[in-house]
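As given, the protein sequences belong to chains A and B, one line each in that order.
Each number in our numbering corresponds to the 1-based position in the first sequence with 1336 added.
Each number in our numbering corresponds to the 1-based position in the second sequence with 781 added.
One structure is given below, encoded as structure tokens.
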Amino acid sequence: MTMWVNVKRVARYGLISFIRNGFTSLSAVLNMTITLFVVGMLILSGAALNSVLVLLTDQVDVTVYFTPAATMNQIAQVQQQLTALPQVATTTYISREQALASFEARHAGDQLTMQALQELGSNPLGAALEVRAKDTSQYEVIAKYIESLQSAGAAIDKVNYQQNQMAITRLSGIIDTSRKLGIGIALFLAISSLLITFNTIRLAIYTSRDEIGVMNLVGAGRWYVRGPFIVAGIIYGLISGLVVLVVLYPLTLSWASGSQTFFGTFNVFTYFTSHFLLFFSAIFGCGIALGALSSYLAVRRYLKM
Amino acid sequence: MPSVVIYFDKVTKIYFDGAPPAVEDVTLSIEPGEFVSIVGHSGAGKTTLLKMLFAEVSPTEGAVFYGSREIHKLSDNELLQLRRAIGTVFQDFRLLPTKNIYENIAFALEVAGKSDEDIRADVPHVLDLVGLAEKIWSFPHELSGGEQQRVAIARAIVNQPDVLLADEPTGNLDPINAHDIVEILKRINDLGTTVLLTTHNKTVVDSIGRRVITMDQGRVVRDNPQGKYVL
């Protein structure tokens, strides 16, 4: 007899047992739906948290102010040295004119300052370099490097790291903690819903333990006994996955504008539709794996020769 | 087939330390085509003896042979083959509750590797043999005890086993149904299948008029080739 015939029979019995054990199947599907919904929400909240952190990280930088007498060459040299650092993401050059323009814009309403500026006659501001690190925790290293350049005689007037240090350190801490907390909560939710689903399936199979015993006695091989339960487990996963994906669409749609207001740039609906393949594979993958694995382990308990 | 189909060689079974032996020093041989009734009080060791034949229980001492093979030294695969070659019927029927009658019997054929065509032909045939052809699409809970037991027998014989083990098959049945079941077992035996029956039922044993083994406290105390029910 071919393997294919066996597979067909096992699949058919799995489907039949799913249908005939309607109430048990329904409770397993509802339970797994909650688990898979948690998986979907974890992906969404992870992405939202990440976008907020990126937004915050973008606000932080270290600015190197050059003396007004610094030449273009000197500035270019420092910029080159900084860009070469592995910790540095980008450097942006701000010319003396740009610095003056933004200073004037900032103090447009401040008569006294503007008057003082006019009395000076010439541009008192030096050029500057805005340096962004790849990670907020790396600003200290960059600042130290800039200070070493300063003491080596580069035409650097000052670095604003000291002023920003507190904010940067605090922000680094917040970012780090929220990442760890996010991972912790995600793990806790994932494990607890996994255990609940596993238990539901185990209970569903517990009611069939006598049946498994009879199958053993009739001479059914392990896989012939186990197969239909695993197929039923996979069906739980497929149906629950489908329900979750169908529910997430209108749900994210209704949160779309709210999420954008709350998180700044993050739109849950756009994220859901643009990452649909990720949601599809994660939710169905988890559903199928969870259903099959739970059934496999639960049946193993009652399978004895 | 060898001249002895089942052989118990000085078999003792103790379920746990300190418990009295469920079976003690039993040596028995059963030949092909025999109809053997094993009788005795509850706890005499009848069921343990049968359980050792399909390897649900292992002997503490001694060995049990099926033909020339020692049952408890078989590999998992060989054990499955053995179970497919021995039909079993129990007091509590042990049908698969979520499968209908057709599927219950088809299941035994499927695990034996029969084709769909053979299954479609064999199931109605064997149900006809036990007089339940019209119940083919019913579920076990829709049948009476006697009918369920007949389905269990149909399932046990559908693979044409060499040996049929029946553990108190009439225990849950009224006298008329019990009589019907025994008639079916006799018919199966007439077709060449060795039958091992454990029972409490004196009427049943006396009506068979074949070999009777009497057990008491785990030991074989009487073995009559054409016995009656005597305790």
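Backbone N, C-alpha and C define an ideal beta-carbon position, used for all residues, glycine too.
Membership of A/Y1401 in the beta strand (DSSP E) is indicated by the continuous run V1398 to F1402. If you draw a straight line from the Cα of B/R865 to the Cα of B/A937, it is about 9 Å long. Among the residues facing chain B, A/Y1572 is not included, as its CB has no counterpart in that chain under 8 Å away. Boundaries around A/V1467 are those of the beta strand (DSSP E), A1464 to A1469, since no alpha helix (DSSP H) includes it. Here A/G1358 is exposed. Its C-beta has fewer than 16 other C-beta atoms within 10 Å. Here B/E842 is bridged, per DSSP, to B/T793.
Taking every protein chain shown into account, the CB of A/I1519 has fewer than 16 other CB atoms within 10 angstroms, so this residue is exposed.
Residues of the stretch 1527 to 1561 of chain A with a Cβ closer than 7 Å to any Cβ of chain B, in chain order: E1547, V1550, L1553, V1554, G1555, A1556, G1557 and Y1560. Among the residues facing chain A, B/P1006 is not included, as its CB has no counterpart in that chain under 8 Å away. Against chain B, a Cβ distance below 7 Å from A/R1345 picks out E891. Between the beta-carbon of B/I969 and that of B/V976 there is about 6 Å, and that keeps the pair under the 8 Å contact cut. Chain-ordered, the chain A residues with CB closer than 9 Å to the CB of B/T879 read I1352, S1353, R1356, N1357, S1544 and E1547. Contact between the stretch 915 to 927 of chain B and the stretch 843 to 850 of chain B is absent: fewer than three C-beta pairs spanning the two stretches fall below 8 Å.
About 6 Å separates the Cβ atoms of A/Q1415 and A/L1465, confirming a contact at the 8 Å cut-off.
For B/F789, the nearest beta carbon of chain A is not closer than 8 Å to its own beta carbon.
Contiguous beta strand (DSSP E) elements confined to the stretch 925 to 983 of chain B occur at 944 to 948 and 975 to 980, taking only those with 3 or more residues.
Judged by DSSP secondary structure, B/E805 falls outside any alpha helix (DSSP H) and instead within the beta strand (DSSP E) spanning V804 to I811. In the three-state reduction of the DSSP assignment, B/V1002 falls in the strand class, which pools E and B. In this structure, A/V1346 lies away from A/Y1585, with their beta-carbon atoms at least 8 Å apart.
At least one CB of chain A lies nearer than 8 Å to the CB of B/R865. Within 10 angstroms of the beta-carbon of A/A1469 lie 16 or more other beta-carbons, which makes it buried. Under the Cβ distance rule, B/T869 counts among the residues neighbouring chain A, one pair being separated by less than 8 Å. Taking C-beta atoms under 8 Å as the contact rule, B/D943 and B/V786 qualify, at a distance of about 6 Å. For B/D857, the enclosing alpha helix (DSSP H) starts and ends at D857 to A866.
When C-alpha distances from A/Y1349 are compared across B/E837, B/Q1007 and B/N885, the shortest belongs to B/N885. When the Cα atoms are used, A/R1515 and A/A1618 turn out to be separated by approximately 21 Å.
Between B/F816 and B/I989, the C-beta spacing is below 8 Å. Straight across, the Cα-Cα distance linking B/R875 with B/I795 is about 26 Å. Between A/V1365 and A/S1576, the gap from beta carbon to beta carbon is short of 8 Å. Scanning its chain for C-beta atoms nearer than 6 Å, with the 5 sequence neighbours on each side dropped, one finds no residue around A/N1342. Only residues of its own chain outside the window of five on either side were considered, and among them F1599, G1600, T1601 and F1602 have a CB closer than 8 Å to the CB of A/S1387, listed in chain order. DSSP places A/S1544 outside both helix and strand once states are collapsed to three, so it counts as coil. For the options A/I1379, A/V1424, A/T1403 and A/L1531, the alpha carbon positioned closest to that of A/V1477 is the one of A/V1424. With contacts defined as CB atoms closer than 8 Å, B/E949 and B/T979 qualify as a contacting pair. As the crow flies, the alpha-carbon of B/N958 is around 43 Å from that of A/A1628. Identification of chain A residues near B/L830 by a Cβ-Cβ cut-off of 8 Å yields none; the smallest Cβ-Cβ distance measures about 16 Å.
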